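*Asks:* Numbering (the numbering used here), first residue to last: 36 to 240.
We put the beta carbon where it would ideally sit given N, CA and C, even for glycine.
Treat the numbers as computed from the prediction; the structure is a model and nothing was measured.
Here it is as structure tokens:
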């Protein structure tokens, strides 16, 4: 058997499930194009490069280099994971939360409207760059709102399974909303793909 790092496939940039301009007027075409083609693409490129360096470091038994690569793997791997979820969390097509998701939102977060308030509070409170998340706690079987700094991935950081995320890095909104992050967070609910969020919950359970 070969070690896993010799068998791995390179990470690739996923296609958007809609056109760059499909989420207008909530998120403009220019933001979507730059966000996907430049930012997400850079995470994929840099993740592949870091994994190649890891492969070499492991082959050489270079413990110092392996440790050094940890931050690049976390940042770029997290960026790839987070954005791959984010694109599917959004859609130009209206949908509603499943009965199960609605039931858990009512039970754990006092309903959809209160959940939106909690997500907004978490998103606006992020200092600098990061993400606000709706996650599923497999131990308690409950929904939780959480925030992660930078590109730290939710599951690896908190143990929560990510269901829905709001990217509050400035590259996600600044071209359109300037410094008004709360306005961006308010607007994003019009393009949430509740079908995708509901399917993620079903898989997490």
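With residue 189 and residue 168 assumed to form a contact (beta carbons below 8 Å), what rounded beta-carbon distance in angstroms separates them?
*Replies:* What you label residue 189 is simply residue 154 of the chain shown in a count that begins at 1. What you label residue 168 is simply residue 133 of the chain shown in a count that begins at 1. Sure, about 5 Å apart at Cβ, within 8 Å.
*Asks:* Does DSSP classify residue 155 as helix, strand or coil?
*Replies:* Taking the first residue of the chain shown as 1, we reach residue 155 at position 120. In this structure, residue 155 counts as helix in the three-state DSSP scheme.
*Asks:* Whose C-alpha, out of 64, 145, 109 and 118, is nearest the C-alpha of residue 47?
*Replies:* Locating residue 47 in the chain shown gives position 12, counting from the first residue. With distances taken between Cα atoms, residue 47 lies closest to 118.
*Asks:* Assuming contact is defined by CB atoms lying nearer than 8 Å, are residue 120 and residue 200 in contact in what I supplied?
*Replies:* By one-based count along the chain shown, residue 120 stands at place 85. By one-based count along the chain shown, residue 200 stands at place 165. Cβ distance < 8 Å, so residue 120 and residue 200 count as in contact.
*Asks:* What does DSSP give as the partner residues of residue 202 in its beta bridges?
*Replies:* Counted from its first residue, the chain shown places residue 202 at position 167. Residue 202 is bridged to 166.
*Asks:* Could you check which residue in 239, 89, 125 and 238 has the C-alpha nearest to that of residue 207?
*Replies:* Position 172 of the chain shown, counted from the start, is the residue given in the question as residue 207. Ranking 239, 89, 125 and 238 by Cα distance to residue 207 puts 125 first.
*Asks:* Return the chain-ordered list of same chain residues with a C-beta closer than 6 Å to the C-beta of residue 222, the five sequence neighbours on each side being excluded.
*Replies:* Along the chain shown, one-based indexing puts residue 222 at 187. Within the same chain, residue 222 has close Cβ partners 61.
*Asks:* Count the other C-beta atoms from every protein chain shown that fall within 10 angstroms of the C-beta of residue 202, then say buried if there are 16 or more, exposed otherwise.
*Replies:* Start at 1 with the first residue of the chain shown, and residue 202 comes out as number 167. So residue 202 counts as buried.
*Asks:* Would you say residue 197 and residue 155 are within 8 Å of each other, going by their C-beta atoms?
*Replies:* For the purposes of this step, residue 197 is taken as the residue at position 162 of the chain shown. For the purposes of this step, residue 155 is taken as the residue at position 120 of the chain shown. In this structure, residue 155 does not lie closer than 8 Å to residue 197 by Cβ.
*Asks:* Between the alpha carbons of residue 130 and residue 57, how many angstroms are there, rounded?
*Replies:* As a working note, residue 130 is residue 95 in the chain shown. As a working note, residue 57 is residue 22 in the chain shown. Those two C-alpha atoms are separated by around 15 Å.
*Asks:* Going by C-alpha to C-alpha distance, which of 239, 237 and 230 sits closest to residue 128?
*Replies:* Within the chain shown, the letter at position 93 stands for residue 128. Looking at the Cα atoms, 230 is the closest of the given residues.
*Asks:* Could you give the distance in angstroms between the alpha-carbon of residue 224 and the alpha-carbon of residue 142?
*Replies:* As a first step, residue 224 must be located in the chain shown, where it is residue number 189. As a first step, residue 142 must be located in the chain shown, where it is residue number 107. CA-to-CA, the gap between residue 224 and residue 142 works out to about 21 Å.
*Asks:* With distances taken Cα to Cα, identify the nearest neighbour of residue 50 among 182, 191, 75 and 220.
*Replies:* As a working mapping, residue 50 is identified with position 15 in the chain shown. Checking every option, the nearest Cα to that of residue 50 belongs to 75.
*Asks:* Counting beta carbon pairs with one atom in the stretch 157 to 177 and one in the stretch 67 to 85, are three or more of them shorter than 8 Å?
*Replies:* With the cut-off at 8 Å, the stretch 67 to 85 and the stretch 157 to 177 do not touch.
*Asks:* Just to confirm, are residue 108 and residue 85 a CB contact at a threshold of 8 Å?
*Replies:* As a first step, residue 108 must be located in the chain shown, where it is residue number 73. As a first step, residue 85 must be located in the chain shown, where it is residue number 50. Yes, Cβ-Cβ distance for residue 108 and residue 85 is below 8 Å.
*Asks:* Under three-state DSSP, which class holds residue 211?
*Replies:* For this step, residue 211 is matched to residue 176 along the chain shown. Reduced to three states, the DSSP call for residue 211 is helix.
*Asks:* Who are residue 184's beta bridge partners in DSSP?
*Replies:* The count along the chain shown starts at 1 and reaches residue 184 at position 149. Looking at the DSSP assignment, residue 184 forms a beta bridge with 165.
*Asks:* Considering only DSSP beta bridges, list what residue 197 is partnered with.
*Replies:* Against the chain shown, residue 197 aligns to sequence position 162. Paired residue(s): 170.
*Asks:* If you follow the alpha helix (DSSP H) that residue 115 is part of, which residue opens it and which one closes it?
*Replies:* For the purposes of this step, residue 115 is taken as the residue at position 80 of the chain shown. First-last of the alpha helix (DSSP H) with residue 115: 105 to 124.
*Asks:* Below 6 Å CB to CB, which residues in the same chain sit around residue 89 once its five sequence neighbours on both sides are set aside?
*Replies:* For this step, residue 89 is matched to residue 54 along the chain shown. 104.
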